[in-house]
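Beneath this line is the structure, given in C-alpha coordinates, with notes to follow.
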Amino acid sequence: MMAVVILACFIACARAQQQGQKHENKHDKHHESRKQIEAMEEQWRVAQLAGDAATMGRLLSDDFIGISMSGQVHTKAQQLERIQTRKVVLTKMDLSDMKVKVLDSVAIVTGQVDVEGTSEGTSVKGVYRYTRVYQQLPSGQWKITSYESTKIRPAKSSQGEVKEPDSNEQNAVFEAAGRITSEGFHRTKALLSQGLGFMH
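726 is the number of the first residue of the sequence shown in the numbering used here; add one for each residue after it.
Here it is in C-alpha coordinates:
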(Lines of atoms letter the chains of each structure in order from A and count residues from 1; the text may use other names and numbers.)
(Lines give C-alpha, C1' and ligand atoms only; values in the text may rest on other atoms or scores of the structure.)
Protein backbone atom coordinates (compact mmCIF):
# COMPACT_ATOMS: atom_id res chain seq x y z
CA MET A 1 0.00 0.00 0.00
CA MET A 2 2.79 2.37 0.93
CA ALA A 3 4.47 1.64 -2.41
CA VAL A 4 1.31 2.66 -4.24
CA VAL A 5 1.12 5.95 -2.33
CA ILE A 6 4.76 6.70 -3.04
CA LEU A 7 4.28 5.91 -6.74
CA ALA A 8 1.21 8.17 -6.93
CA CYS A 9 3.14 11.02 -5.28
CA PHE A 10 6.03 10.51 -7.69
CA ILE A 11 3.70 10.66 -10.72
CA ALA A 12 1.97 13.79 -9.40
CA CYS A 13 5.31 15.52 -8.82
CA ALA A 14 6.54 14.54 -12.29
CA ARG A 15 3.41 15.95 -13.93
CA ALA A 16 3.69 19.18 -11.95
CA GLN A 17 7.30 19.53 -13.02
CA GLN A 18 6.38 18.96 -16.67
CA GLN A 19 3.66 21.59 -16.49
CA GLY A 20 6.09 24.04 -14.90
CA GLN A 21 8.65 23.41 -17.62
CA LYS A 22 6.03 23.92 -20.35
CA HIS A 23 5.01 27.23 -18.79
CA GLU A 24 8.64 28.37 -18.54
CA ASN A 25 9.35 27.32 -22.13
CA LYS A 26 6.29 29.21 -23.40
CA HIS A 27 7.30 32.29 -21.40
CA ASP A 28 10.85 32.13 -22.77
CA LYS A 29 9.55 31.71 -26.32
CA HIS A 30 7.25 34.72 -26.01
CA HIS A 31 10.07 36.79 -24.50
CA GLU A 32 12.36 35.91 -27.41
CA SER A 33 9.58 36.68 -29.90
CA ARG A 34 9.01 40.10 -28.32
CA LYS A 35 12.71 40.89 -28.68
CA GLN A 36 12.59 39.91 -32.36
CA ILE A 37 9.49 42.04 -32.98
CA GLU A 38 11.02 45.06 -31.23
CA ALA A 39 14.12 44.71 -33.41
CA MET A 40 11.94 44.51 -36.53
CA GLU A 41 10.08 47.66 -35.49
CA GLU A 42 13.42 49.50 -35.43
CA GLN A 43 14.42 47.97 -38.80
CA TRP A 44 11.15 49.23 -40.27
CA ARG A 45 11.69 52.72 -38.85
CA VAL A 46 15.22 52.97 -40.26
CA ALA A 47 14.13 51.58 -43.66
CA GLN A 48 11.19 54.00 -43.84
CA LEU A 49 13.43 57.01 -43.18
CA ALA A 50 16.01 55.80 -45.72
CA GLY A 51 13.44 54.92 -48.38
CA ASP A 52 14.86 51.39 -48.33
CA ALA A 53 12.22 49.43 -50.25
CA ALA A 54 14.36 46.27 -50.33
CA THR A 55 14.45 45.96 -46.54
CA MET A 56 10.79 46.84 -46.24
CA GLY A 57 9.98 44.16 -48.81
CA ARG A 58 11.74 41.53 -46.68
CA LEU A 59 9.80 42.61 -43.59
CA LEU A 60 6.35 42.51 -45.23
CA SER A 61 4.34 39.34 -45.83
CA ASP A 62 3.16 38.67 -49.38
CA ASP A 63 -0.48 39.16 -48.30
CA PHE A 64 0.22 42.39 -46.39
CA ILE A 65 -2.65 44.86 -46.01
CA GLY A 66 -1.91 48.38 -44.79
CA ILE A 67 -4.11 51.36 -44.02
CA SER A 68 -2.09 54.54 -44.45
CA MET A 69 -2.21 57.77 -42.46
CA SER A 70 -4.58 59.15 -45.10
CA GLY A 71 -6.91 56.14 -44.81
CA GLN A 72 -5.91 54.43 -48.08
CA VAL A 73 -5.67 50.64 -48.26
CA HIS A 74 -2.44 49.26 -49.77
CA THR A 75 -1.10 45.84 -50.69
CA LYS A 76 2.57 44.95 -50.34
CA ALA A 77 3.27 45.88 -53.96
CA GLN A 78 1.48 49.21 -53.60
CA GLN A 79 3.29 50.01 -50.36
CA LEU A 80 6.71 49.34 -51.89
CA GLU A 81 5.83 51.31 -55.04
CA ARG A 82 5.01 54.34 -52.88
CA ILE A 83 8.47 54.14 -51.33
CA GLN A 84 10.36 53.46 -54.57
CA THR A 85 8.72 56.39 -56.37
CA ARG A 86 9.08 58.61 -53.28
CA LYS A 87 5.37 59.25 -53.04
CA VAL A 88 5.96 58.92 -49.31
CA VAL A 89 9.05 60.53 -47.81
CA LEU A 90 9.47 60.73 -44.04
CA THR A 91 12.22 62.83 -42.47
CA LYS A 92 11.21 62.14 -38.87
CA MET A 93 9.77 58.99 -37.34
CA ASP A 94 10.13 58.77 -33.55
CA LEU A 95 8.53 55.73 -31.91
CA SER A 96 7.32 55.69 -28.29
CA ASP A 97 4.93 53.93 -25.90
CA MET A 98 5.45 50.64 -27.74
CA LYS A 99 3.74 47.49 -26.47
CA VAL A 100 4.12 43.99 -27.93
CA LYS A 101 1.62 41.20 -27.24
CA VAL A 102 2.47 37.71 -28.50
CA LEU A 103 -0.38 35.25 -29.14
CA ASP A 104 1.26 32.04 -30.34
CA SER A 105 1.98 32.70 -34.05
CA VAL A 106 0.55 36.23 -34.05
CA ALA A 107 2.09 39.34 -32.47
CA ILE A 108 0.28 42.66 -32.05
CA VAL A 109 2.24 45.87 -31.68
CA THR A 110 0.74 49.19 -30.62
CA GLY A 111 2.67 52.38 -30.24
CA GLN A 112 2.89 56.06 -30.89
CA VAL A 113 4.88 57.67 -33.70
CA ASP A 114 5.79 61.33 -34.21
CA VAL A 115 6.30 61.89 -37.95
CA GLU A 116 7.27 64.62 -40.39
CA GLY A 117 7.51 64.37 -44.17
CA THR A 118 5.37 64.33 -47.29
CA SER A 119 2.76 61.96 -48.73
CA GLU A 120 1.62 62.37 -52.34
CA GLY A 121 3.14 65.87 -52.28
CA THR A 122 1.21 66.89 -49.16
CA SER A 123 2.96 67.81 -45.93
CA VAL A 124 2.59 65.25 -43.15
CA LYS A 125 3.28 66.20 -39.55
CA GLY A 126 1.81 64.98 -36.30
CA VAL A 127 1.57 62.24 -33.71
CA TYR A 128 -0.16 59.00 -34.66
CA ARG A 129 -1.29 55.94 -32.73
CA TYR A 130 -0.57 52.78 -34.73
CA THR A 131 -1.23 49.04 -34.70
CA ARG A 132 1.02 46.61 -36.55
CA VAL A 133 0.32 42.87 -36.76
CA TYR A 134 3.03 40.25 -37.29
CA GLN A 135 2.53 36.62 -38.26
CA GLN A 136 5.07 33.86 -37.67
CA LEU A 137 5.70 31.58 -40.62
CA PRO A 138 6.25 27.80 -40.23
CA SER A 139 9.97 28.53 -40.65
CA GLY A 140 9.85 30.60 -37.46
CA GLN A 141 10.37 33.89 -39.30
CA TRP A 142 8.12 36.83 -38.45
CA LYS A 143 6.50 38.99 -41.14
CA ILE A 144 4.41 42.17 -40.99
CA THR A 145 0.94 41.26 -42.24
CA SER A 146 -1.16 44.31 -41.33
CA TYR A 147 -0.78 47.96 -40.33
CA GLU A 148 -3.07 50.86 -39.46
CA SER A 149 -2.45 54.34 -38.06
CA THR A 150 -4.71 57.06 -36.71
CA LYS A 151 -3.74 60.65 -35.99
CA ILE A 152 -4.07 61.69 -32.36
CA ARG A 153 -6.25 64.75 -32.03
CA PRO A 154 -6.44 66.50 -28.63
CA ALA A 155 -9.82 65.91 -27.00
CA LYS A 156 -11.93 68.79 -25.71
CA SER A 157 -13.36 68.91 -22.21
CA SER A 158 -16.95 69.88 -21.46
CA GLN A 159 -15.66 73.44 -20.98
CA GLY A 160 -14.17 73.44 -24.47
CA GLU A 161 -10.59 73.19 -23.22
CA VAL A 162 -8.16 70.93 -25.04
CA LYS A 163 -6.93 68.00 -22.97
CA GLU A 164 -4.52 65.18 -23.65
CA PRO A 165 -5.93 61.62 -23.79
CA ASP A 166 -5.36 59.72 -20.55
CA SER A 167 -3.48 56.44 -20.34
CA ASN A 168 -6.69 54.38 -20.38
CA GLU A 169 -7.79 55.99 -23.63
CA GLN A 170 -4.34 55.56 -25.15
CA ASN A 171 -4.28 51.87 -24.26
CA ALA A 172 -7.83 51.09 -25.43
CA VAL A 173 -6.72 49.92 -28.87
CA PHE A 174 -4.07 47.64 -27.40
CA GLU A 175 -6.44 46.09 -24.88
CA ALA A 176 -8.99 45.40 -27.62
CA ALA A 177 -6.32 43.96 -29.88
CA GLY A 178 -5.16 41.72 -27.07
CA ARG A 179 -8.45 39.87 -27.24
CA ILE A 180 -7.79 38.79 -30.83
CA THR A 181 -7.08 35.07 -31.16
CA SER A 182 -5.15 33.41 -33.94
CA GLU A 183 -8.39 31.87 -35.21
CA GLY A 184 -10.15 35.21 -35.29
CA PHE A 185 -7.16 36.84 -36.94
CA HIS A 186 -7.13 34.35 -39.82
CA ARG A 187 -10.91 34.62 -40.19
CA THR A 188 -10.61 38.41 -40.47
CA LYS A 189 -7.97 38.10 -43.17
CA ALA A 190 -10.18 35.68 -45.08
CA LEU A 191 -13.07 38.12 -44.98
CA LEU A 192 -10.82 40.95 -46.14
CA SER A 193 -9.62 38.76 -48.99
CA GLN A 194 -13.18 38.14 -50.16
CA GLY A 195 -14.27 41.74 -49.73
CA LEU A 196 -11.23 43.58 -51.13
CA GLY A 197 -10.38 41.06 -53.81
CA PHE A 198 -6.61 41.50 -53.82
CA MET A 199 -5.40 38.81 -51.44
CA HIS A 200 -4.57 35.41 -52.89
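Backbone N, C-alpha and C fix where the C-beta goes; we use that ideal spot for every residue, glycine too.
Beta-carbon proximity of residue i to residue j, cut-off 8 Å
{"i": "R854", "j": "I877", "result": "yes"}
{"i": "M765", "j": "L784", "result": "yes"}
{"i": "K817", "j": "V840", "result": "yes"}
{"i": "V827", "j": "Q860", "result": "no"}
{"i": "L815", "j": "L862", "result": "no"}
{"i": "R811", "j": "G846", "result": "no"}
{"i": "C809", "j": "A778", "result": "This sequence places Gln at residue 809; Cys is not what is there. Yes, Cβ-Cβ distance for Q809 and A778 is below 8 Å."}
Same chain, Cβ closer than 6 Å to residue i, five either side skipped, listed in chain order
{"i": "S874", "result": "M794, Y853, Y855"}
{"i": "R807", "result": "V813"}
{"i": "Y872", "result": "G791, R857"}
{"i": "A772", "result": "T780, M781"}
{"i": "G851", "result": "K876"}
Local conformation of residue i per DSSP, three classes
{"i": "S864", "result": "coil"}
{"i": "T870", "result": "strand"}
{"i": "H748", "result": "Note that H748 scores a pLDDT of 49, beneath 50, so its modelled location is shaky and nothing firm can be said."}
{"i": "D935", "result": "One cannot answer for residue 935 here, as it falls past the ends of the chain, which runs 726 to 925."}
{"i": "I833", "result": "strand"}
{"i": "G782", "result": "helix"}
{"i": "E757", "result": "helix"}
{"i": "E763", "result": "helix"}
{"i": "R857", "result": "strand"}
{"i": "E845", "result": "coil"}
CB-CB length for residue i against residue j, believed under 8 Å
{"i": "D822", "j": "G836", "result": "6 Å"}
{"i": "T780", "j": "F789", "result": "That belief does not hold up - the Cβ atoms of T780 and F789 are roughly 14 Å apart, past 8 Å."}
{"i": "L820", "j": "R759", "result": "The Cβ separation is near 15 Å, so there is no contact."}
Beta-carbon proximity list for residue i, same chain, < 7 Å, skipping 5 on both sides
{"i": "Q768", "result": "T780, L784"}
{"i": "Q761", "result": "W867"}
{"i": "T870", "result": "S786, D788, F789, V858, Y859, Q860"}
Own chain residues within Cβ distance below 8 Å of residue i, not counting five before or after
{"i": "Q804", "result": "M781, L785, F789, G791"}
Notebook entry, point to check: Going along the chain, which unbroken runs of the beta strand (DSSP E) with 3 or more residues stay wholly within the stretch 765-818?
Noted result: Every beta strand (DSSP E) of 3 residues or more that sits fully in the stretch 765-818 is shown, in chain order, as 785-792, 798-800.
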